[in-house]
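Numbering-wise (my numbering), the sequence shown opens with residue 3 and increments by one.
First the structure, in the form of structure tokens, and then the observations on it.
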Amino acid sequence: MSLEKQPHESGPGPVAILRVVIAQASFIAALMFYLGALYASRYYNYFHLSPFSLGFGFAEFVLQSLHLLKLPVLVTFVVLLIVSGIPRLPKRLPLPDRVARSIYAPISALARGHLVVVAAGLVMLILWPLIQPYGWVAPLTIAVGLLLGQSKNAQGSRVKGLRGRAVPLFAAGVFLFWAVTLAAWDVGERDAKLHAGNVLHWTSVVVLSTESLSLPTGSIVKQDLGEGLRHRYRYTGLRLLIERNGRYYVVPVNWNAKTDSIWVIRESENTWIGLMPGVQ
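And the structure:
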């Protein structure tokens, strides 16, 4: 009688795990770049600028996406996680059978009524102007309904093939991507409006120049320091929006985003830029 050695089953090797990690990291980086570009475009468009003309790179767009860690986007991801885990929630929680059944019943009813959820999202799309600035809720609701429709509670004993499951899941992904895109767009505009409403608190800019500059009068104070100084003219009453590669994008303290211009001052041998705290 001979004994045969059973093959030893092992998990994925380090190379396979590394490939999965790299693939996931690449996807997350690409998504952060996309959302950061959306956010920055909407934010700087409010100030009549483009992040691409400002010279933003990949890393800066990725960092811009961190501004999206706010309520709308967080709600989108939390809802997605909850919906994806709803069918398995009662079974995984260490609860008595009676409590599990009481939780499972409304979850099953919600899954069976997934078409109602999808219909509610479609109604919100029809009423699109009335739900602004929360338009991202409409595609999110449709995505939730489509995901609920793929649970066992919704399908019952029906057996769906690959095509029957792939199409709804693909549609749910499209609507979810749309919801996140709208949320990023909305957060960018909100942050820009909030920032534009506090110009007085921006970083203060002092400009010293050898020649007189054609800056708008009014809130900007121009001083002639005398002929004996190289930088004869001093300008105050300016606030800094952003600095890129020696170019300072400044506005007066009474600046209006809808009607006024942004002034670009290049730092050079004849123009000295000083930065000071704004009104605290």
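Backbone N, C-alpha and C define an ideal beta-carbon position, used for all residues, glycine too.
For the putative contact between residue i and residue j, defined by C-beta atoms under 8 angstroms, what is the C-beta separation to the nearest angstrom?
i: V139; j: M126; result: 6 angstroms
i: V207; j: L277; result: 6 angstroms
i: L124; j: L178; result: Actually they are not in contact, since the Cβ atoms of L124 and L178 sit about 16 angstroms apart, beyond 8 angstroms.
i: L150; j: A113; result: 5 angstroms
i: Y41; j: L70; result: 6 angstroms
i: I267; j: T273; result: 6 angstroms
Checking the sheet assignment: what are the DSSP bridge partners for residue i?
i: R268; result: R249
i: P16; result: Answer is none; P16 lacks a bridge partner.
i: I244; result: Y251
Tell me the DSSP secondary structure of residue i in three-state form.
i: V161; result: With a pLDDT of only 49 at V161, under the threshold of 50, the placement of this residue in the model should not be trusted; the figure read from the coordinates follows. Coil at V161, not helix or strand.
i: P135; result: coil
i: M3; result: Interpretation of M3 is limited by its pLDDT of 49, a score under 50 that renders its predicted location unreliable; the figure taken from the coordinates is listed afterwards. Looking at M3 - three-state DSSP - the assignment turns out to be coil, as it is neither helix nor strand.
i: P53; result: coil
i: W130; result: helix
i: Q66; result: helix
i: G276; result: strand
i: L71; result: coil
i: A259; result: coil
i: Y48; result: coil
i: G123; result: helix
i: G151; result: coil
i: G59; result: coil
i: G115; result: coil
Say yes only if the C-beta of residue i is nearer than 7 angstroms to one or more non-hydrogen atoms of the ligand GTP, and no if none qualify.
i: S206; result: Inclusion of the ligand GTP in the displayed structure is not the case, the ligand content being empty and no account of it being possible.
Taking only runs that begin and end inside the region 153-239, name each unbroken beta strand (DSSP E) of 3 or more residues, in chain order.
206-211, 223-226
Cβ contact (3+ pairs, closer than 8 angstroms) linking the region 165-179 and the region 206-217:
no
Pairs of beta-carbons, one from the region 221-228 and one from the region 21-38, closer than 8 angstroms: are there three or more?
no
For the region 192-199 and the region 41-52, state whether three or more C-beta atom pairs, one from each stretch, are separated by less than 8 angstroms.
yes
Do the region 33-47 and the region 60-74 touch if we need at least three Cβ pairs shorter than 8 angstroms?
yes
Could you check whether the region 226-234 touches the region 243-259, counting it as contact only if at least three pairs of C-beta atoms, one from each stretch, sit closer than 8 angstroms?
no
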